[in-house]
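Novice: Chains U and V supply the protein sequences, listed in that same order.
Under our numbering, residues 1 to 573 are what the first sequence spells out, in order.
Under our numbering, residues 1001 to 1243 are what the second sequence spells out, in order.
We put the CB at the ideal spot given by N, CA and C, even for glycine.
Take this structure first; my questions come after.
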Amino acid sequence: MESWRANLEGNKALMTDAKTCPRCGRPIAADAPQGLCPTCLMNASLAGGETRPPSESPESSAPDSTEGHPPSGSRFTPPPPAELAAHFPQLEILEILGQGGMGVVYRARQRGLERDVALKVLPPEVGQDPEFADRFTREARALARLSHSSIVSVFDFGRAGGLYYFIMELVDGPNIRQLLKAGRLSAREALAVVPQICDALQYAHEEGIVHRDIKPENVLIDRKGRVKIADFGLAKLIQRKETDTTLTGPRQVMGTLHYMAPEQLERPAEVDHRADIYSLGVMFYEMLTGELPLGRFEPPSHRAAVDGRLDGVVLKSLERDPDRRYQHVSEVKTDVETVTKGESFPSAVAVLGEKNEFPRRFWIGALAIAGVILLAGLALVYGFLWRDGGVDGPVAELFEARTDDIRREHIWESLARKGHVDRARDVLQRMTRARPDDAGVWTELGVACIRKLVTVKSQLEQGDLAQEADAAFDRALAIDGDNWRARFYKATSLSFWPPIMGRQPEAIRMLEDLIDRQERMPPEPQFGQTYFFLGNLYSQTGSREKAQEVWRRGRERFPGHRDLARTAGEGGR
Amino acid sequence: MKEPSASPSPDFATTRWSVVRAAGGGSTQASRQALEVLCEAYWHPLYSYVRRQGESPEDAADLTQGFFARFLEKEHLHALRPEQGKFRSYLLGAMKHFLANEWDRKRAQRRGGGRPTLPLDFEAAEGRYLREPTHDLTPERIYERGWAIALLDRVLTRLRREMEADGMLGHFDALKFSLSGGGGPLHSETAARLGMTEAAVKQAAHRLRRRYRELLRDEIAHTVTGPDEVDDEIRCLFAALGG
């Protein structure tokens, strides 16, 4: 672990073989000709060779630095990946993942290990405190000792290019905040998450480390559905004072306040591990009800369809006096599990029945009219749904009234993770027979086919799936011409999959039409994807100027869209 | 070491891309040969481009091989238009066109099935692709950058072989750093090692740089259509490298 010892700024001796060019300072890549810096080689060939020629099109080095105002109230403008690369020769810096009061996080790849990691760079202001360096090393060492499957591991830390950094485990998944924004977490999911958080916190507390900043942004869920808690101890390390609005914007401080235990605000010196329990309580409440427990708040079961026995757990966690709170996180877990044991979750039949627009009479009528075959078919459907615990819930959720597109995508992702896409597709196929005039069902069937298509190797099968998806979307659009989701998926599937490559002109027309419609609607974040796809299509078919233009429009309207932001670097040549 | 030639710029009538284009609709032995040499020199960046489009190594190899099989067929020279400019751009355009239209061809046909194929070492290309520092580059950027690297590689290899033929390989290895502006052993060190005076080392470095520049411009000339394009191409490649 000590081999990385790096004060990279002052000390050029590195553990890797990575070289930098003595003339221009760029790292010399592994494919450099004869081990020489290609840029300088090219430069040397110009007439005179001494002065640098002006580049054809000025590269925008960082989208942020050209803007007038730094994002989200923070004064820290994150260095673009290319700039950071020079300080981390052992990493390949890929993209910015996010930014908060605690610094900027990048996705990076460790050369040699070929492992994706998260590189977190702290704001430069922290270095102004002369004692910070000592605190940093002490805290970082303690954090690196934490080894738990629900805690984001710290692989490395140090200082480079004047910035303090951590190299951490990369968690490929959303944080709870994102899940909350997409549509309330179901009670079942909240109850699955909390015990894992308790485990992690209990472990950390036993190691003598208090998180101090438990909140939905710091709890991530990876692809396997496992909880990962990030940013342990950073709050103490950076020691932001709650009234200090210079390090972070006022909005960010306010956000964290809601999760802070009263003693953290009133008597910070007396804070111990029980502060984490309070924060957990706030989060628990928010996950169950969608709201924060502010002022005189009602128990969770009064605000949402939640087991009343959980009220006691949440309220005890939220006790203002630490002595009246749970004394150990493990106790929270025990109580939660007592409640969840023996809970049976509602069958899909019941759920579907509730959300179903068709009255009960319809089903009885259908049975009576259709006779034996339909009876057998329905029995199959219900029997199938009843038996298959893993699919019925999510598929039903796809049609829940409040579910939006992002939430639907999450559901599909979780189905894919568990290998349930095929079964979901089966269920949906049968649903289309039961509800042939429901555009939503046809749309999701199409999505299921696309989801399956991604995993299939045989071009023949891909072609079949693409056709099925196409037909399903067409059907959905015939029923409901305004179904944006069907329209988008149909258009993008045309552009994306090799078996239907030859239909590019059609795809282009569809996407142009889709953008037209979208621009007449209030903007949704997922619309940005349409611009990106259309630009790619233009580019593939040789219409370079059109590609630039549509990407530019997309970036204008959706500045946060990652794929679109990347298209900015490609200068015309 | 060869003395710098009297006329600094090559005779453009005989550069490879000019020969290819001069053949126009038909093709001559000379034009076919020239095109083959060009393709063999610069196929790596094309492979990287296809890989970056998301293809697996096997599929990328198939597509690249298939592309060249078609590209070297006679009828494709018909597609050449006078304003097509540089070979680098033309090649990428042709590949994009190929990918857009030929995708649904069966794999078996792509593998050649009787058509002439180029001897392309895809394993090496894949290894090279994996070593490229991609940093979020688009496929086009990867191609341009790969092209620039391939070009420099060819030039340096040529230079090295020239020196080797003159029995001066040691000189090349010691002095090559002067081509990119520094970082190698000190002149005094080199002088001691090679049994020369420091002044002689300096002069040798200077001549090496001049010869390198000549060879680079020569190499580029083979891929453009006129002398004024050479500087422009250098600037483009410079930018492609992130300059």
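(1) Do the region 121–131 of chain U and the region 141–158 of chain U make contact, defined as three or more Cβ pairs closer than 8 Å?
(2) Nearest-angstrom Cα distance between Tyr538 (chain U) and Leu294 (chain U)?
(3) Would you list the residues sitting across from Asp116 (chain U) in a DSSP beta bridge?
(4) Do His1222 (chain V) and Ala1150 (chain V) have their C-beta atoms closer together than 8 Å?
(5) What does Arg1128 (chain V) touch in chain U if you count any residue whose Cβ is under 7 Å from its own?
(6) Answer yes or no: does any C-beta atom of chain U fall closer than 8 Å to that of Lys1086 (chain V)?
(7) Does the CB of Arg36 (chain U) have a neighbour CB from chain V at under 8 Å?
(8) Among U:Lys418, U:Leu234 and U:Asp199, whose alpha-carbon lies nearest the alpha-carbon of Leu280 (chain U)?
(9) With distances taken Cα to Cα, identify the nearest neighbour of Met1168 (chain V) among V:Arg1193, V:Gly1181 and V:Ser1180.
(10) Name, please, each residue of chain U whose Cβ falls closer than 7 Å to the Cβ of Asp1153 (chain V).
(11) How many angstroms separate the CA atom of Leu1244 (chain V) from the CA atom of Pro80 (chain U)?
(12) Under three-state DSSP, which class holds Gly1066 (chain V)?
(13) Could you tell me if Thr1028 (chain V) is buried or exposed, where buried requires 16 or more neighbouring beta carbons within 10 angstroms of its beta carbon?
(14) Determine which residues share a DSSP beta bridge with Ile151 (chain U) and list them.
(15) Of all Cβ atoms in chain U, is any one closer than 8 Å to the Cβ of Gly1242 (chain V)?
(16) Please report the residue range of the beta strand (DSSP E) in which Tyr165 (chain U) lies.
(17) Please report how far the alpha carbon of Thr289 (chain U) lies from the alpha carbon of Glu114 (chain U), in whole angstroms.
(18) Give a yes or no on whether the minimum CB-CB distance between Leu41 (chain U) and chain V is below 8 Å.
(19) Give the residues from the region 1171–1194 of chain V that approach chain U closer than 8 Å (Cβ to any Cβ), ordered along the chain.
(20) Hey, how far is the Cα of Gly996 (chain V) from the Cα of Ser1178 (chain V)?
(21) Assuming the contact rule is C-beta atoms closer than 8 Å, Asp1153 (chain V) and Pro27 (chain U) should be a hit. Round their C-beta distance to whole Å, please.
(22) Could you tell me whether any Cβ in chain U is nearer than 8 Å to the Cβ of Ile1142 (chain V)?
(23) Could you check which residue in U:Glu207, U:Leu265 and U:Leu179 has the C-alpha nearest to that of Val227 (chain U)?
(24) Gly1093 (chain V) versus chain U: which residues are under 8 Å apart at the beta carbon?
(25) Bridge partners of Pro27 (chain U), per DSSP?
(26) Of all Cβ atoms in chain U, is any one closer than 8 Å to the Cβ of Ala1148 (chain V)?
(27) Could you have a look at Ala1108 (chain V) and say whether DSSP puts it in helix, strand or coil?
(28) Roughly how many whole angstroms lie between the Cα atoms of Thr1015 (chain V) and Val1037 (chain V)?
(29) Would you decide whether Glu270 (chain U) is buried or exposed? Buried here means 16 or more other CB atoms lie within 10 Å of its CB.
(30) Taking DSSP's pairing of strands, which residues face Asp156 (chain U) in a bridge?
(31) Helix, strand or coil: which one does DSSP assign to Gly463 (chain U)?
(32) Just the chain U side, please: which residues come within less than 7 Å of Arg1156 (chain V) by C-beta, in chain order?
(33) Counting only beta-carbon atoms, is Glu1233 (chain V) nearer than 8 Å to chain U?
(34) Are any of the Cβ atoms in chain U nearer than 8 Å to that of Leu1169 (chain V)?
(35) Pick helix, strand or coil for Val104 (chain U), following the three-state DSSP scheme.
(36) Identify, in the order they occur along the chain, each residue of the same chain with its Cβ nearer than 6 Å to the Cβ of Glu444 (chain U), setting aside the five sequence neighbours on each side.
Specialist: Well, looking at it:
(1) no
(2) Locating residue 538 (chain U) in the first sequence gives position 538, where the first residue counts as 1. Locating residue 294 (chain U) in the first sequence gives position 294, where the first residue counts as 1. Distance between the alpha carbons of Tyr538 (chain U) and Leu294 (chain U) is about 51 Å.
(3) Indexing the first sequence from 1 puts residue 116 (chain U) at position 116. Its beta-bridge partners are U:Arg109.
(4) The sequence position of residue 1222 (chain V) within the second sequence is 222, counting from 1. The sequence position of residue 1150 (chain V) within the second sequence is 150, counting from 1. Contact flag unset, no.
(5) Looking up residue 1128 (chain V) in the second sequence gives position 128. Under the 7 Å cutoff, chain U gives Asp31.
(6) Looking up residue 1086 (chain V) in the second sequence gives position 86. It does not; no Cβ of chain U falls within 8 Å.
(7) For the purposes of this step, residue 36 (chain U) is taken as residue 36 along the first sequence, with counting starting at 1. Note that residue 36 (chain U) corresponds to Leu in the displayed sequence, not to Arg. Judged by the 8 Å Cβ criterion, Leu36 (chain U) is in contact with chain V.
(8) Counting from 1 along the first sequence, the entry for residue 280 (chain U) is found at position 280. For the residues U:Lys418, U:Leu234 and U:Asp199, the minimum Cα distance to Leu280 (chain U) belongs to U:Asp199.
(9) Counted from its first residue, the second sequence places residue 1168 (chain V) at position 168. The residue with the shortest Cα to Cα distance from Met1168 (chain V) is V:Arg1193.
(10) Residue 1153 (chain V) sits at position 153 when you count from the first residue of the second sequence. Correct list: Pro33.
(11) Absent from the model: residue 1244 (chain V). The displayed extent of chain V is 1001 to 1243, so no value can be given.
(12) By one-based count along the second sequence, residue 1066 (chain V) stands at place 66. DSSP places Gly1066 (chain V) in helix when its eight states are reduced to three.
(13) Taking the first residue of the second sequence as position 1, residue 1028 (chain V) is located at position 28. Thr1028 (chain V) is exposed by the Cβ-count criterion.
(14) On the first sequence, residue 151 (chain U) is found 151 positions in, with the first residue counted as 1. U:Ile229, per the DSSP bridge assignment.
(15) As a position in the second sequence, residue 1242 (chain V) is number 242, starting the count at 1. Judged by the 8 Å Cβ criterion, Gly1242 (chain V) is in contact with chain U.
(16) As a working note, residue 165 (chain U) is residue 165 in the first sequence. It spans Leu163 to Glu169 - the beta strand (DSSP E) in which Tyr165 (chain U) sits, taken as one unbroken run.
(17) Position 289 of the first sequence holds residue 289 (chain U). Position 114 of the first sequence holds residue 114 (chain U). In a straight line, the C-alpha of Thr289 (chain U) is about 42 Å away from that of Glu114 (chain U).
(18) Locating residue 41 (chain U) in the first sequence gives position 41, counting from the first residue. Yes, contact with chain V.
(19) Lys1176, Phe1177, Leu1179, Ser1180, Gly1181, Gly1182 and Gly1183
(20) Shown here, chain V extends from 1001 to 1243; a query on residue 996 (chain V) therefore has no answer.
(21) Translated into the one-based positions of the second sequence, residue 1153 (chain V) becomes position 153. Translated into the one-based positions of the first sequence, residue 27 (chain U) becomes position 27. Contact doesn't hold; Cβ gap of about 18 Å is too wide.
(22) Sequence index remark: in the second sequence, residue 1142 (chain V) carries index 142 (1-based). It does not; no Cβ of chain U falls within 8 Å.
(23) Reading the first sequence from its first residue, position 227 is the one you call residue 227 (chain U). Cα-wise, what sits closest to Val227 (chain U) is U:Leu179.
(24) Locating residue 1093 (chain V) in the second sequence gives position 93, where the first residue counts as 1. Residues of chain U passing the Cβ test: Gly542.
(25) Residue numbering aside, residue 27 (chain U) sits at position 27 when the first sequence is read from its first letter. Pro27 (chain U) pairs with U:Thr20.
(26) Taking the first residue of the second sequence as position 1, residue 1148 (chain V) is located at position 148. Answer yes: the Cβ-Cβ gap between Ala1148 (chain V) and chain U drops below 8 Å somewhere.
(27) By one-based count along the second sequence, residue 1108 (chain V) stands at place 108. Note that Ala1108 (chain V) has pLDDT 43, beneath the 50 cutoff, so the model's placement of it is unreliable and the number below is only indicative. Residue state, collapsed to three classes: helix.
(28) Translated into the one-based positions of the second sequence, residue 1015 (chain V) becomes position 15. Translated into the one-based positions of the second sequence, residue 1037 (chain V) becomes position 37. Roughly 11 Å separates the two Cα atoms.
(29) The residue given as residue 270 (chain U) occupies position 270 in the first sequence. Per the 10 Å Cβ criterion, exposed.
(30) Along the first sequence, one-based indexing puts residue 156 (chain U) at 156. The partner list for Asp156 (chain U) (beta bridge, DSSP) reads U:Ile167.
(31) Mapped onto the first sequence, residue 463 (chain U) falls at position 463. Helix.
(32) As a working note, residue 1156 (chain V) is residue 156 in the second sequence. Looking at the sequence itself, residue 1156 (chain V) is Leu, so the reference to Arg does not match. By Cβ distance, chain U contributes Pro33 and Gln34.
(33) As a working mapping, residue 1233 (chain V) is identified with position 233 in the second sequence. Output row for Glu1233 (chain V): interface = no.
(34) What you label residue 1169 (chain V) is simply residue 169 of the second sequence in a count that begins at 1. So no, Leu1169 (chain V) is outside the interface.
(35) Numbered from its first residue, the first sequence carries residue 104 (chain U) at position 104. Strand at Val104 (chain U).
(36) Sequence index remark: in the first sequence, residue 444 (chain U) carries index 444 (1-based). Correct list, in chain order: Leu398 and Leu428.
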